[in-house]
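In the numbering used here, the protein residues as written are 63 to 138. Below: the structure, in structure tokens.
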């Protein structure tokens, strides 16, 4: 059983793909940068001084004291 061409000569296959199927090759290159960016960008952001924003509150703060009922909006 012979090995596929990619695994036997990867550089030669990549060179062939860059001429014959550039869209597929470059989409694979760009797609492979995603996981690298996932682990690489946050430390770079923090090193440049960018901080994570405060989390959005999940509840509305309930005011203390008696509730003031507005006047003048009754239907008559």
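We put the CB at the ideal spot given by N, CA and C, even for glycine.
DSSP three-state call for residue 116: helix, strand or coil? Counting from 1 along the chain shown, the entry for residue 116 is found at position 54. In the structure shown, residue 116 sits in coil (DSSP, three-state: anything other than H, G, I, E or B).
Output needed for residue 119: all residues of its chain with C-beta closer than 8 Å, excluding positions within five of it in sequence on either side, in chain order. Stepping through the chain shown from its first residue, residue 119 is reached at position 57. Closer than 8 Å at the Cβ level, and outside the excluded window around residue 119, lies no residue.
What are the uninterrupted segments assigned as alpha helix (DSSP H) that are 4 or more residues long and contained completely in the region 72-113, given in chain order? 72-82 and 84-109
Quick test of your reading: residue 87 and residue 80, contact by CB under 8 Å. State the CB separation rounded to the nearest angstrom. One-based indexing of the chain shown puts residue 87 at position 25. One-based indexing of the chain shown puts residue 80 at position 18. The pair is a contact, with the Cβ atoms about 5 Å apart (cut-off 8 Å).
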